[in-house]
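In full-length UniProt numbering, the protein residues as written are 1 to 302. Quick reminder that beta carbons are idealized off the backbone N, C-alpha and C, glycines included. A short worksheet on the structure shown next.
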């Protein structure tokens with residue numbers, strides 16, 4: 001379709017409008033996360049070193065890295081649609097940002113879930129530990145052929161090699177997606193087993209279904225399902241010509257699912273913090289009640 005045709009222009013406007021919504025949503029999560037970390041979770045008294053360690057904790061840095069890399073992918077895609085840059089250069093940038101997002105997602109999810117999976121699937125936990133350790137190699141591998149394509153696009157004599165580089169890039173991107181897919185299936189299996197065991201134990205002793213691990217499990221299930229759906233939809237891009245309107249629409253849907261995933265992980269962080277505040281208040285209340293009873297008992301003796 002010619003860039004000057006009305007249909008082409010309307011398609012670009014539709015894509016830019018939808019992408020703008022996703023872009024603003026991620027920015028909103030970044031603002032909310034910044035507020036949560038710097039003000040809401042700030043303790044009443046702490047040293048500068050403790051405060052720096054809290055702000056730069058793995059949970060905070062990994063979640064923020066996911067948000068920033070997702071903002072970058074939105075910006076690259078919108079820039080490509082609006083200004084028609086060299087698509088191969090943009091692909092290399094997006095692959096790097098996508099790899100960064102995937103690595104941060106794997107690290108964040110495993111940091112939260114490793115204790116739970118270790119309880120229900122000890123052997124699988126060791127294998128996942130190894131995968132998490134080498135995740136950067138798997139996730140960033142797709143960047144190498146993408147950079148090769150970008151270089152080839154700059155030199156006319158190298159242009160025929162772009163197709164080969166593209167095939168390798170797609171294969172490595174698919175491999176990275178499959179790795180994360182297997183990772184999420186393993187987490188989902190562990191979460192499901194933990195939920196069954198936890199609910200059974202809670203019903204036996206009559207305690208409410210709340211708590212730190214319950215929050216992680218519930219949000220972890222939603223996050224894993226979203227990522228599995230994302231990867232299945234990513235497979236659908238293979239049926240469309242690259243950079244066609246249909247291909248771009250599916251890509252937008254993938255970005256939206258990534259945005260939803262980031263929001264779920266942010267909500268998990270907030271819920272875990274709120275639960276810890278409630279539990280702390282409950283312990284203080286119980287301790288105060290116990291102290292009051294002790295004082296009353298001593299007064300009665302006197």
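Asked, Found
"Let me know the alpha helix (DSSP H) ranges lying completely inside the segment 88-122, each 4 residues or longer, listed in chain order.", "none"
"Residue 102 and residue 176: beta carbons closer than 8 angstroms?", "yes"
"Could you give the residue range of the alpha helix (DSSP H) that holds residue 239?", "Segment: none, residue 239 is in no alpha helix (DSSP H) and carries neither H nor E."
"Please report the straight-line C-alpha distance between residue 195 and residue 216, rounded to a whole angstrom.", "11 angstroms"
"With a threshold of 8 angstroms, are at least 3 pairs of Cβ atoms found where one atom belongs to the segment 86-93 and the other to the segment 117-135?", "no"
"What separation, rounded to the nearest whole angstrom, lies between the Cα atoms of residue 278 and residue 213?", "15 angstroms"
"Please check the pair residue 99 and residue 74, which I expect to be a contact at CB under 8 angstroms, by giving their CB distance rounded to whole angstroms.", "Residue 99 to residue 74, Cβ: 16 angstroms. No contact."
"Does the segment 173-187 come into contact with the segment 217-234, if we say contact requires no fewer than three beta-carbon pairs (one atom in each stretch) closer than 8 angstroms?", "yes"
"Under the rule that 16 or more other beta-carbon atoms within 10 Å means buried, what is residue 169, buried or exposed?", "buried"
"If we require 3 or more residues per run, which beta strand (DSSP E) segments fall completely within the segment 118-184?", "none"
"At the level of alpha carbons, what is the spacing between residue 57 and residue 35?", "15 angstroms"
"Are the beta-carbon atoms belonging to residue 41 and residue 273 less than 8 angstroms from one another?", "yes"
"What first and last residue would you give for the alpha helix (DSSP H) that runs through residue 21?", "6-35"
"Any idea what DSSP makes of residue 268, helix, strand or coil?", "helix"
"Using a Cβ-Cβ cut-off of 8 angstroms (strictly less than) and excluding sequence neighbours within five positions of residue 19, which residues of its own chain qualify?", "74, 77, 78, 81, 252 and 255"
"Measure the alpha-carbon distance for residue 7 versus residue 21 and round it to whole angstroms.", "22 angstroms"
"So residue 108 packs on residue 63, CB below 8 angstroms; how close in whole Å?", "6 angstroms"
"Report the option in 192, 228, 161 and 197 whose CA atom is closest to the CA atom of residue 179.", "228"
"For residue 161, I'd like the list of residues in its chain whose CB is within less than 7 angstroms of its CB, leaving aside the five on either flank, ordered along the chain.", "152"
"Cβ of residue 55 within 8 angstroms of Cβ of residue 26?", "no"
"On a Cα-Cα basis, can you pick out the residue from 126, 105 and 158 that is closest to residue 264?", "105"
"State the Cα-Cα distance for the pair residue 200 and residue 193, rounded to the nearest angstrom.", "11 angstroms"
"Could you give the distance in angstroms between the alpha-carbon of residue 39 and the alpha-carbon of residue 65?", "19 angstroms"
"Could you tell me whether the Cβ atoms of residue 191 and residue 143 are closer together than 8 angstroms?", "no"
"Use the C-beta contact count for residue 52: other C-beta atoms within 10 angstroms, 16 or more gives buried, fewer gives exposed.", "exposed"
"Are there 16 or more other CB atoms within 10 angstroms of the CB of residue 372, so buried, or fewer, so exposed?", "With the chain represented from 1 up to 302, any question about residue 372 goes unanswered, as that position is not in the structure."
"Please classify residue 145 as buried or exposed, where buried requires at least 16 other C-beta atoms within 10 Å of its C-beta.", "buried"
"So, residue 218 versus residue 267, is the Cβ gap smaller than 8 angstroms?", "no"
"Skipping 5 residues on each side, what residues in its chain have a beta carbon closer than 6 angstroms to that of residue 245?", "11"
"Just reading off the alpha helix (DSSP H) that residue 42 is part of, what are its end residues?", "Premise fails: residue 42 is in no alpha helix (DSSP H) and is neither H nor E."
"Only counting the same chain, and skipping five residues up and downstream in sequence, which positions put a Cβ closer than 6 angstroms to that of residue 113?", "187 and 220"
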